Amino acid sequence: MEEDVNVRKKAELILGGGVRLPEGFVFPFRVSRSTAGPGAGSSSAVFSFYGHRVKKSISYDSGEFVLIENDGILSMTRGGEPFLDEVRIEPVVYHSPEQAFFNIDQRCMYHCAFCVSPLLGKELNKRLTDNDIVRMTKEAIGKQKVVSVSLTSGVADSVDKTVDRFVSCVSKLRKEFPELPIGVEPYVSKKEHVRALKEAGATEIKLNIQSPNRKIFEKACPDLDYDRIIELLLYSVNVFGPGMVTSNMIFGMGETDEEIEDMFEFFCSRGIIPTVRSIHINSTNSSALRSTIGEQPAVDAERIMRLARMQKRKLAEYGLDTRNCHTMCIECGCCDIVPFRDI
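Counted the way our numbering counts, the sequence shown spans residues 791 to 1133.
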């Protein structure tokens, strides 16, 4: 089926290297430079095709994929062979298409092996104030389509101080934009944090379990509390409502499909939407990953597609739908195969 072909191409783009641009190519939109997520630290752009979109690092010098411009029509090749016959470049609001997604502070006192945000150069730490974020959101809304605002952050000083910063920013955003969905991706350590974020005006919350395998989690995230994250995810459903709570799992760190499926069942049966993302290994995190989880087989497109279909079946079984989410990674959709949106 054509749909399956395009989903596979998205999976291959997610797993593949960067995109080489034609000499002299001028972007029609501002180029993104992320401080969070798989593309943290690199210049990137969002490429869309047949209803799918992927954010890829870009360069004029090299790339596994090559962007071709011919009479104003863009296409993409791979290894000299046609890959996408037509592709568009989508504008990024902040970090994400159609979404003002801000990293409050890339610094973090925790040491998760896969995370590169706290390892980026100090010059990339924007240190945005609440007023900066409100102003930038307002300016973006005046220029382009903005469907939501989302906030993420490392934990620079303490969990309490970081949550206070989230609450302060969400409160100002909610006052300025009373109807706009606001998503938060904090690290929380107590129920009061969850309640404070909801009361401030957040509509969706994302608390990441990172791995369905406790032993892998303890190796990759030695400073975090697995049981506490689970407890607060379950509590968050009571506060935010079923389908308004999400949690990310990174695969490719040694876990099995069966362990992921078990976590899908556990989360979905309790009103939590699980998301799954392939491990992103680069020069910044490769050493830490090797020393904590060892060498692991490379993730392939088949596994990405298989897990996405499994995820969709389990969501449907419990009446959950990603199309009801309007913030953060599900709404962006650039780094994952998203059920009900891509497949």
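By construction, the Cβ of each residue, glycine as well, lies at the ideal position given by its N, Cα and C atoms. Predicted model only: the values in this text are computed from it and were never measured.
Between the CA atoms of residue j and residue i - distance to the nearest angstrom
| i | j | result |
| --- | --- | --- |
| F1054 | R925 | 38 Å |
| T1132 | G1123 | Per the sequence shown, residue 1132 should be read as Asp rather than Thr. Approximately 8 Å between the Cα atoms of the pair. |
| R940 | F1030 | Per the sequence presented here, residue 940 reads as Ser, with Arg not at that position. Between S940 and F1030, the C-alpha separation is close to 15 Å. |
| F967 | P1064 | 28 Å |
| F891 | V883 | 8 Å |
| L914 | F1041 | A caution first: L914 carries a pLDDT of 47, below 50, which makes its placement in the model too unreliable to give a value. |
| G829 | L803 | Low confidence applies to G829: its pLDDT is 48, below 50, so where it sits in the model is not reliable enough to give any reading. |
| L1023 | V1035 | 7 Å |
| A986 | L874 | 46 Å |
| M899 | E888 | 31 Å |
| V877 | R868 | 14 Å |
| G1061 | E871 | 44 Å |
| A946 | G1084 | 28 Å |
| G827 | H901 | In this prediction, G827 has a pLDDT of 49, which is less than 50 and means its spatial position is unreliable; what the coordinates show is noted afterwards. One C-alpha to the other measures close to 15 Å. |
| S943 | T952 | 8 Å |
| R917 | I923 | 10 Å |
| V797 | G806 | 14 Å |
| S1037 | Q1000 | 8 Å |
| E1045 | P1002 | 7 Å |
| K845 | D950 | 32 Å |
| E982 | S1076 | 36 Å |
| I1006 | M1043 | 7 Å |
| S849 | H1070 | 18 Å |
| V836 | H1116 | 18 Å |
| L963 | Q1086 | 42 Å |
| K1104 | I1120 | 16 Å |
| Q934 | R1080 | 42 Å |
| G853 | D1090 | 19 Å |
| E1008 | T1082 | 9 Å |
| T919 | E1107 | 42 Å |
Strand pairing of residue i, partner residues [DSSP]
| i | result |
| --- | --- |
| Q1000 | M1039 |
| K846 | A835 |
| V939 | A890, I972 |
| E994 | G973 |
| H885 | A890 |
| R917 | DSSP output for R917 lists no bridge partner at all. |
| R810 | S849, V856 |
Limits of the beta strand (DSSP E) - the one that residue i falls within
| i | result |
| --- | --- |
| E975 | 972 to 975 |
| R878 | 878 to 880 |
| L857 | 855 to 860 |
| T867 | 863 to 868 |
| F873 | 871 to 874 |
Terminal residues of the alpha helix (DSSP H) in which residue i lies
| i | result |
| --- | --- |
| N1072 | No alpha helix (DSSP H) holds N1072; DSSP gives it neither H nor E. |
| F956 | 949 to 966 |
| I931 | 920 to 931 |
| R897 | Element bounds for R897: n/a, residue is neither H nor E. |
| S1026 | 1016 to 1030 |
Neighbour flag for residue i against chain C, beta carbons, 7 Å
| i | result |
| --- | --- |
| Q1000 | Going by chain labels, chain C is absent from the structure shown, which holds only one protein chain. |
Residue i: CB within 6 Å of a non-hydrogen atom of the ligand GTP
| i | result |
| --- | --- |
| D947 | This structure lacks the ligand GTP; in fact it carries no ligand of any kind. |
Point to revise | Complete alpha helix (DSSP H) runs within the stretch 1045 to 1120 (minimum length 4 residues, chain order) | key: 1047 to 1058, 1076 to 1083, 1091 to 1107
Exercise for review: Determine contact between the stretch 991 to 1007 and the stretch 969 to 979, defined as no fewer than three beta-carbon pairs at a distance below 8 Å.
Suggested key: yes
Point to revise | Touching by the beta-carbon criterion (3+ pairs, under 8 Å), the stretch 888 to 903 and the stretch 856 to 868 | key: Result no; under three Cβ-Cβ pairs closer than 8 Å.
Practice item. Tell me, please, whether the stretch 1103 to 1116 touches the stretch 807 to 815 by the rule of three or more beta-carbon pairs shorter than 8 Å. Key: no
Practice item. Indicate whether the contact test is met: 3 or more Cβ pairs, each with one atom in the stretch 1095 to 1106 and one in the stretch 956 to 964, closer than 8 Å. Key: The stretch 1095 to 1106, when compared against the stretch 956 to 964, does not touch it at the 8 Å Cβ threshold.
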